[in-house]
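A quick write-up on the structure given underneath.
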């Protein structure tokens, strides 16, 4: 299993990415497993909160590039994004180490997120000859502002937790190794609140779901086209070519 499923406490389901050999990079199996388990948790009346995290002190290093090279244009990533956007159950991210690519963009769909202070973020799609995904072209300008969103998405450079916090990707910076504890504390607080009031308020906060899903699909069309472009193929070749 690439996703560990733990009921940490009554009402709190933890989904932990577990691919330590790849720094928890997403392959198709991981996308599918996380999507399926998120849908399962969301439909379980005994689950009040979902925490998404990663094992071994790493959230995710992004796409498994070898898997992506061989499986471009698959629907598994879209299934995960759809599950995140449509989830009624509150979703909290506990982020450590690396949050690259999908590791950054999925935070836009989490209700709360906490990150260890050494966490490194990046959305390096353009650097790989690709285009932005995950609804980021809609949501990141809303949270970070258009200029900061353009810098992050066009340049694709790494950035730290303080910029992630300023951009609205995370709620709070915590000590390294403490992101899960912060997420668990927030989950406990949510679990103690009136359940239907929490669900109704989240639905109101997420009233733009249809628009987000439309943008995700629009981005996916461009992303698939870019994945077959000469620029992307050349970038993949450079990625897999050992340095002399």
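Numbering (full-length UniProt numbering), first residue to last: 1 to 244.
Just so it is clear, CB atoms sit at the ideal spot from N, CA and C, and this is done for glycine as well.
Residues in the same chain with beta-carbon distance under 6 Å from residue i, minus the five sequence neighbours each way, listed in chain order, please.
i: residue 39; result: 83
i: residue 212; result: 85, 135
i: residue 43; result: none
i: residue 215; result: 135, 138
i: residue 172; result: 114
i: residue 105; result: 134, 136
i: residue 209; result: 85
i: residue 41; result: 13, 47, 50
Excluding five sequence neighbours on each side, which residues of the same chain lie with their C-beta closer than 8 Å to the C-beta of residue i?
i: residue 28; result: 67, 71, 74, 76
i: residue 217; result: 78
i: residue 3; result: 15, 16, 17, 18, 30, 33, 34, 37
i: residue 182; result: 94, 114, 172, 174
i: residue 108; result: 134, 135, 136, 139, 140, 143, 169
Would residue i and residue j qualify as a contact pair, given that the criterion is a beta-carbon distance under 7 Å?
i: residue 122; j: residue 158; result: yes
i: residue 64; j: residue 25; result: yes
i: residue 48; j: residue 5; result: no
i: residue 115; j: residue 95; result: yes
i: residue 89; j: residue 120; result: no
i: residue 103; j: residue 59; result: yes
i: residue 176; j: residue 117; result: yes
i: residue 156; j: residue 126; result: yes
i: residue 97; j: residue 62; result: no
i: residue 164; j: residue 170; result: yes
i: residue 23; j: residue 236; result: no
What did DSSP end up calling residue i once you bin it into helix, strand or coil?
i: residue 41; result: helix
i: residue 36; result: helix
i: residue 245; result: Because the chain spans 1 through 244 in this model, residue 245 falls outside it and cannot be assessed.
i: residue 8; result: strand
i: residue 161; result: helix
Can you list, in chain order, the residues of its chain with a C-beta nearer than 7 Å to that of residue i? Leave out the 5 residues immediately preceding and following it.
i: residue 20; result: 55, 56
i: residue 232; result: 128, 129, 130, 226
i: residue 199; result: 88
Within 10 angstroms of its Cβ, does residue i collect 16 or more other Cβ (buried), or is it exposed?
i: residue 193; result: exposed
i: residue 111; result: buried
i: residue 223; result: buried
i: residue 139; result: buried
i: residue 1; result: exposed
i: residue 142; result: exposed
i: residue 228; result: exposed
i: residue 133; result: buried
i: residue 13; result: buried
i: residue 219; result: buried
Which runs of the alpha helix (DSSP H) fall wholly inside the segment 54-137 and span at least 4 residues, in chain order? 65-70, 76-86, 102-105
Counting only runs that start and end within the segment 168-234, where is the alpha helix (DSSP H) found for 4 or more residues in a row? Unbroken alpha helix (DSSP H) runs of no fewer than 4 residues, entirely contained in the segment 168-234, are found at 179-192, 195-205, 209-227, following chain order.
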